[in-house]
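Structure, as structure tokens:
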Amino acid sequence: MGRSNFRPVLGHEHWQGTPRFFRSNTPPSAAPGDYPLPDAGVTVIDLRTPTETKRNPHALRASPGYQNLPLHSEEHSRPTLPEYDLDELYRFWLAQNSSNVAAILQACAEPSAATLVCCSAGKDRTGIVVAILSRLWGASDNELAHDYHLSGENMQTAFEAELRESSNPSQTQRMISADPAALLQVVHDLESTHGDIAGYLLTLGLTHDQVSALQAVASPSQPN
253 MGRSNFRPVL GHEHWQGTPR FFRSNTPPSA APGDYPLPDA GVTVIDLRTP TETKRNPHAL
313 RASPGYQNLP LHSEEHSRPT LPEYDLDELY RFWLAQNSSN VAAILQACAE PSAATLVCCS
373 AGKDRTGIVV AILSRLWGAS DNELAHDYHL SGENMQTAFE AELRESSNPS QTQRMISADP
433 AALLQVVHDL ESTHGDIAGY LLTLGLTHDQ VSALQAVASP SQPN
């Protein structure tokens, strides 16, 4: 069914008990039963634009917990440059769509039996949101880098097809790259500017209670 980029956020080794946060791509062939998630109480945060969700509706869109919260607006989806690198794209998203980012992270702070964060390929939009959460939960640079690189491996076949069909192969090659340096540079910039990821979340407008709720997700106090 193509659910090739589905996995727990951070991986099982980071969770004190059963993983509650997951990430994924959004394959057109998926069915609701294909996702190994609890039967009830699941939050699905779909980071794609409304245009994308109409073209490829999510298999779990009928779930009461489904939310379409685009990371970027249609107007601010990419820099107005002929060519740009992934770190420039990620910075653009975070700077131009800060209210969207805040809404996504606020949704992640809500109680849920499990939360699935997804976009089209599960690498870029999902990758930056997951990196923010993972860093908040104590992930090291090496762990962030490994997780990001894994998305490139998982989606290699799809990315190769995209490159073959591209009218701008040079830019497409930049976008399908999974060089962790791009992601780490953005995470480091957030920490340098705001002190740490918790400080960044507060700057976005999350409350102290919401930040604490997010920090507690991967803690031993969470039920197994």
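Okay, so the sequence shown: first residue is 253 according to the numbering used here, each after it adds one. We put the beta carbon where it would ideally sit given N, CA and C, even for glycine.
Check each candidate in the options and name the one with the smallest Cα separation from residue i.
| i | options | result |
| --- | --- | --- |
| His-478 | Gly-374, Val-438, Thr-278 | Examination of residue 478 is not possible in this model, given that the chain is present from 253 through 476 alone. |
| Arg-300 | Ser-276, Ala-283, Ser-281, Thr-424 | Ser-276 |
| Asp-393 | Asn-257, Ser-256, Phe-258, Leu-262 | Leu-262 |
| Tyr-557 | Glu-335, Ser-444, Val-463, Cys-371 | Residue 557 lies beyond the residue range present for the chain, which begins at 253 and ends at 476; the question has no answer from this structure. |
| Ser-350 | Tyr-336, Ala-361, His-328 | His-328 |
| Arg-377 | Trp-345, Leu-466, Asn-257, Arg-313 | Trp-345 |
| Gly-404 | Arg-416, Gly-390, Gln-425 | Gln-425 |
| Gly-451 | Ala-413, Thr-409, Leu-388 | Leu-388 |
| Glu-395 | Glu-417, Glu-414, Ala-433, Thr-409 | Ala-433 |
Going by DSSP, what residues sit across from residue i in a beta bridge?
| i | result |
| --- | --- |
| Leu-323 | Partner(s): none; Leu-323 has no beta bridge. |
| Phe-273 | Thr-367 |
| Tyr-318 | Val-296 |
| Arg-259 | Arg-275 |
Residue j and residue i - do their beta-carbons sit closer together than 8 Å?
| i | j | result |
| --- | --- | --- |
| Ala-430 | His-398 | no |
| Val-294 | Ser-386 | no |
| Asp-339 | Val-438 | yes |
| Thr-367 | Ile-449 | no |
| Ala-361 | Gln-462 | yes |
| Val-381 | Val-369 | yes |
| Gly-374 | Leu-435 | no |
| Met-407 | Asn-257 | yes |
| Leu-453 | Leu-357 | yes |
Output needed for residue i: all residues of its chain with C-beta closer than 8 Å, excluding positions within five of it in sequence on either side, in chain order.
| i | result |
| --- | --- |
| Ser-419 | none |
| Thr-303 | Glu-326 |
| Arg-343 | Val-438, Asp-441 |
| His-460 | Leu-454 |
| Ser-331 | The question names Ser, but residue 331 is Pro in the sequence shown. Cβ neighbours of Pro-331 beyond the five flanking positions: Glu-340, Leu-341, Phe-344. |
Going along the chain, which residues of its own chain have a beta-carbon closer than 7 Å to the beta-carbon of residue i, five neighbours each way excluded?
| i | result |
| --- | --- |
| Thr-455 | His-446 |
| Ser-315 | Val-294, Val-296 |
| Leu-312 | Pro-284, Tyr-287, Val-296, Tyr-318 |
Excluding the five sequence neighbours on either side, which residues of its own chain have a C-beta within less than 6 Å of the C-beta of residue i, listed in chain order?
| i | result |
| --- | --- |
| Phe-509 | The structure shown has nothing for residue 509, since the chain only spans 253 to 476. |
| Asn-320 | Asp-298, Thr-305 |
| Leu-289 | Ala-366 |
| Glu-335 | Gln-423 |
| Phe-274 | Pro-260, Leu-368 |
Is residue i near the ligand NAP - that is, is its Cβ less than 7 Å away from at least one heavy atom of it?
| i | result |
| --- | --- |
| His-401 | The ligand NAP is absent from the structure shown, which contains no ligand whatsoever. |
Inset, instruction - Go through the stretch 376-426 residue by residue and report every complete run of the beta strand (DSSP E) that reaches 3 residues or more, in order. - result: none
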